[in-house]
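Student: Have a look at this one.
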């Protein structure tokens, strides 16, 4: 069986003042069904661009992307993206944001309300259905972002440093939450982060990426039992191993 | 702590207004030069009360007020509808922008009240000309604001909508329109006050009733009390109109406040 | 690179569309007036005729007793005197109202009483006081400009970030230094917005004032032309008003660039 996501030789260039600027250089990725694939890399190494390309929000310069066997050319509901800073619809309530996808597909009001409520409960936002994004905290907004994408039942979830802007405490909490949500309803997730602990806590596989232009340096398989312990010897050993191959100059 | 500050504010405010009224009364007392030209606040207030049950020209003060309000609301409504449509069109569709923007920019520098004479030539002395002037006064304000609103739509949000399965042809109603709402209201807010100013000016130039007419009529018969009473009514109605708009805005745009 | 080329090509296409749009507009205007005669020239004169009248008005003093330059200068004199006084009083007052609490508490309620009354409504009162000369018109314009200046300078100063003031304080700035080095620079963009809004308002009020009480000026010219059914002169007047207003607006824009060129982000 071929993977849920298949990216073949993706190249992405942006036009610049001094000729083209290469952001992604020949990347091929494959993710299996219900796998959490973490792209780990420091700073501005084109990870966001890679996710946008996979989501169809940016056109590729060359290469091909297949989601669930179908070629991806335009953004659509089969690929859900959770943004770095939540791009929620500010004029919609939590409920409105979460039920947006099903509504666009023409699902009846009763059905989509139930469904949205299910996911709002799942991310732990019961009681905040009627709040607007500007009334929610950063962590809560990210939860809405996750619920919104989950509720749309995409084949693939793409997460672009979703917890990057949260404080350390909330970040740990959200990592645990994401794991719990994923355990309840498994999905294929591509998760981008620059935090090594986050990567190891969540990943089935970690792809270490190098800086601009982005290429994949090395792949690590993580098969520690879930939920993982940040202080277990295996965890620390893997952490050490990954740190050692990241070029300190890039950090 | 905060409440205490508010109290001093209110006291100071009342003090200021009272002082102003005292000054007005004193300077217009009998025998002064200003007193010959201007009535005191008491007289104006008495006149205002009297106007509620006796006619000025053909109507009571409420009749004049309703006439002016009707004109404003008709013109304002037309201006809002056209302004919102044009603004959204220009902001969202580049072809629409390329075609209509230069025409709009040609007309925009002309002050709305400069249209009065042309309006009279085109629509005669009746209501049509007044509606037209009010329309012109509100229209540009609404258009400009809605236009910048539709231009300011965050492309990330459009991307998010596409990613969640919103088809291309529905982006407009599902993203552009709602995210422009705060801008629409800014435009409407400015438009309602300039429409109110326009109706006063238009009625001053040509009319047989309305608040604007009331003050020019006062000027013609040298009746200062009537002029000042008219100005007070203009101020109160103007204040109410903007307050109502602000109230509607606060309800509909709660999500956009930081 | 490809995208870039497409971009400039697109832009050219849109500019071409804009030019065509204006031309088509003029063409249709000409078509429905001179060519097909749908509108009589006493209702809507053709663009050719308006242009002709415009040129003619530079030398012809009929029917309103002066050439267009004379009228424009007369209007400018009234408008600018009112406007400059309005700015001169309005901006400092707005700043003072926002900066000094006592002034705020005392003056703001009075200002709020004045604010909802459009400047033009005071014309009858002013005429009784000062007659129909320059002074009463200048006062109307003064009031219109004044209100816009106060509102914008006030909210400009009120928008000063507290953090910036705190930074100033920790460096030991005095209260007047805080005002001149922190608050006013922060408020400058808003103040300039106020100047522009005030300009529009005064220009608008000027025309109304001249329609009501005047013996020269562009508003007077427009009003005279209406009386004798010469819409071509009305349109010439409107165009002159529009162009003059646009030039004044541009001058303020220029002034803003000059004042704010150092270190202001747009």
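Protein chains in written order, with this note's numbering: chain A, 1 to 251; chain B, 1001 to 1258; chain C, 2001 to 2266.
A virtual CB, placed ideally from N, CA and C, is assigned to each residue, including glycine.
Treat the numbers as computed from the prediction; the structure is a model and nothing was measured.
#1: Inspect the beta-carbon positions of residue 129/A and residue 104/A and report whether they are closer than 8 Å.
#2: Pick helix, strand or coil for residue 1036/B, following the three-state DSSP scheme.
#3: Shorter than 8 Å from the beta carbon of residue 1204/B to some beta carbon of chain C?
#4: Any residues in the region 125-153 of chain A with a beta carbon nearer than 8 Å to a beta carbon of chain B? Which ones, in chain order?
#5: Kindly give me the distance between the Cβ atoms of residue 1119/B and residue 1107/B, rounded to whole angstroms, as I take these residues to be in contact under 8 Å.
#6: If we ignore side chains and look at the alpha-carbon of each, how far apart do residue 226/A and residue 157/A end up?
#7: Taking C-beta to C-beta, are residue 2217/C and residue 2075/C nearer than 8 Å?
#8: Pull the bridge partners of residue 205/A from the DSSP assignment, please.
#9: Between the region 2225-2246 of chain C and chain B, which residues of the former have CB atoms less than 8 Å from a CB of the latter, in chain order?
#10: Which residues mark the beginning and the end of the alpha helix (DSSP H) in which residue 8/A is found?
#11: If the cut is a Cβ gap below 8 Å, which residues of chain B does residue 2110/C touch?
#12: With 8 Å as the threshold, decide whether the Cβ of residue 2106/C is near any Cβ in chain B.
#13: Would you mind reading off the limits of the alpha helix (DSSP H) that contains residue 2055/C?
#14: Let me know the beta strand (DSSP E) ranges lying completely inside the region 64-101 of chain A, each 3 residues or longer, listed in chain order.
#15: Any heavy atom of the ligand HEM closer than 7 Å to the CB of residue 1034/B?
#16: Assuming the contact rule is C-beta atoms closer than 8 Å, residue 259/A and residue 144/A should be a hit. Round their C-beta distance to whole Å, please.
#17: Check whether the region 198-217 of chain A and the region 29-37 of chain A are in contact - that is, three or more C-beta pairs closer than 8 Å.
#18: Flag this pair as touching only if the region 1012-1032 of chain B and the region 1198-1208 of chain B have three or more C-beta atom pairs under 8 Å; answer yes or no.
#19: Taking the alpha carbon of residue 132/A as the reference point, which residue from 178/A, 92/A, 245/A has its own alpha carbon closest?
#20: Look at residue 2093/C and residue 2182/C and say whether their C-beta atoms are less than 8 Å apart.
#21: Can residue 2241/C and residue 2053/C be called in contact, C-beta distance under 8 Å?
#22: Count Cβ pairs between the region 1143-1155 of chain B and the region 1090-1105 of chain B that sit closer than 8 Å; are there 3 or more?
#23: Exposed or buried, which one is residue 119/A when buried takes at least 16 other CB atoms within 10 Å?
#24: With a Cβ-Cβ cutoff of 8 Å, do residue 115/A and residue 79/A count as a contact?
#25: Does any residue of chain B have a CB that is nearer than 8 Å to the CB of residue 2211/C?
#26: Tell whether a beta-carbon distance below 8 Å holds between residue 190/A and residue 51/A.
#27: Got a sec? Which residues, its chain only, sit under 7 Å from residue 21/A by beta carbon, not counting five neighbours each side?
#28: Using a Cβ-Cβ distance cut-off of 8 Å, determine whether residue 1035/B contacts chain C.
#29: Who are the neighbours of residue 1196/B on chain C, taking C-beta pairs under 9 Å?
#30: Taking C-beta pairs closer than 8 Å, name the residues in chain B that residue 2018/C reaches, listed in chain order.
#31: Under 8 Å between the Cβ atoms of residue 59/A and residue 154/A?
#32: Tell me the DSSP bridge mates of residue 31/A?
#33: Hey, how far is the Cα of residue 1057/B from the Cα of residue 2224/C?
Tutor: For this structure:
#1: no
#2: helix
#3: yes
#4: 132, 133, 134, 148, 149, 152
#5: About 14 Å separates the two Cβ atoms, so there is no contact after all.
#6: 20 Å
#7: yes
#8: 37/A, 221/A
#9: 2225, 2226, 2229, 2231, 2234, 2235, 2237, 2238, 2239, 2241, 2242, 2243, 2245, 2246
#10: Premise fails: residue 8/A lies in the beta strand (DSSP E), 5-16, not in any alpha helix (DSSP H).
#11: 1016, 1017, 1020
#12: yes
#13: 2047-2057
#14: 79-82
#15: As for the ligand HEM, it is missing from this structure, which has no ligand bound.
#16: Lying outside 1 to 251, the shown extent of chain A, residue 259/A is not represented and no answer is given.
#17: yes
#18: no
#19: 92/A
#20: no
#21: no
#22: yes
#23: buried
#24: no
#25: yes
#26: yes
#27: 13, 14
#28: no
#29: 2116, 2118
#30: 1098, 1099, 1101, 1102
#31: no
#32: 5/A
#33: 27 Å
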